[in-house]
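Numbering (my numbering), first residue to last: 683 to 857.
Next up, the structure:
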């Protein structure tokens, strides 16, 4: 398959435990992009190909979805600071932490970043998805442009949105 960017993408995808895992991750990315109407040219969105071979999704200053951090099969999500049912998911998380405060944000309003091992979609029931997307929407409204926008790679966006293309790069990554 083609370009240097595509090569980096394939190597990153190849870090996933298996093709089903990475497809599950991109299903989540696609769902989040559709629900929020974020497009590849939105200045708040960053889908990058870092040297560490991860495939994070950033909105403005914060990760909203991040695979492969430390454990290969872990996926991390942003969740809101203080919404009732968040505690249920905090208890179930394999990793949890809070983001640092930004933009004069009150300490109590710092969102959570929670990680779950296994299939990326395993934890995402309707309630979790609602909480996750509400935290993403909050980040979308926080600023007009990501300071990391120069790292955005449209090819990662394409992988999330174009099922045929995704299948081709996954096949290439796991051949």
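Heads up, the beta-carbon is just placed ideally off N, CA and C, and yes, glycines get one too.
For residue i, the nearest candidate out of the options (CA to CA)
i, options, result
"residue 771", "734, 805, 702, 849", "805"
"residue 793", "855, 813, 819, 762", "762"
"residue 829", "837, 768, 742, 758", "742"
"residue 835", "713, 729, 702, 725", "729"
"residue 751", "733, 823, 847", "733"
"residue 744", "818, 844, 846", "818"
"residue 707", "809, 800, 810", "800"
"residue 795", "760, 822, 774, 685", "760"
Own chain residues within Cβ distance below 7 Å of residue i, not counting five before or after
i, result
"residue 691", "731, 837, 838, 841, 851"
"residue 717", "815"
"residue 711", "739, 747, 842"
"residue 783", "789, 792"
"residue 704", "695, 698, 852"
"residue 833", "728, 730"
"residue 709", "803"
Residue range of the unbroken alpha helix (DSSP H) whose run includes residue i
i, result
"residue 806", "That residue, residue 806, is in no alpha helix (DSSP H); it is neither H nor E in DSSP."
"residue 854", "845-855"
Range of the contiguous beta strand (DSSP E) that encloses residue i
i, result
"residue 740", "739-741"
Own chain residues within Cβ distance below 8 Å of residue i, not counting five before or after
i, result
"residue 725", "826, 827, 828, 831"
"residue 688", "837, 851"
"residue 754", "697, 698, 699"
"residue 720", "714, 726, 727, 741, 822"
"residue 775", "796, 797, 798"
"residue 765", "813, 816"
Minimum Cβ-Cβ distance from residue i to chain B less than 7 Å
i, result
"residue 699", "The structure shown contains no chain B; it holds only a single protein chain."
Nearest-angstrom beta carbon gap, residue j and residue i [assumed within contact, 8 Å]
i, j, result
"residue 797", "residue 758", "4 Å"
"residue 735", "residue 693", "6 Å"
"residue 879", "residue 768", "This structure cannot speak to residue 879, because the chain is shown only from 683 to 857."
"residue 820", "residue 785", "Residue 820 to residue 785, Cβ: 11 Å. No contact."
Residues near residue i in its chain [Cβ-Cβ closer than 6 Å; skip 5 each side]
i, result
"residue 856", "701"
Ranges of the alpha helix (DSSP H) found wholly within the region 743-799, counting only runs of at least 4: 768-774
Which whole runs of the alpha helix (DSSP H) in the region 696-733 are 4 residues long or more, in chain order? 701-718
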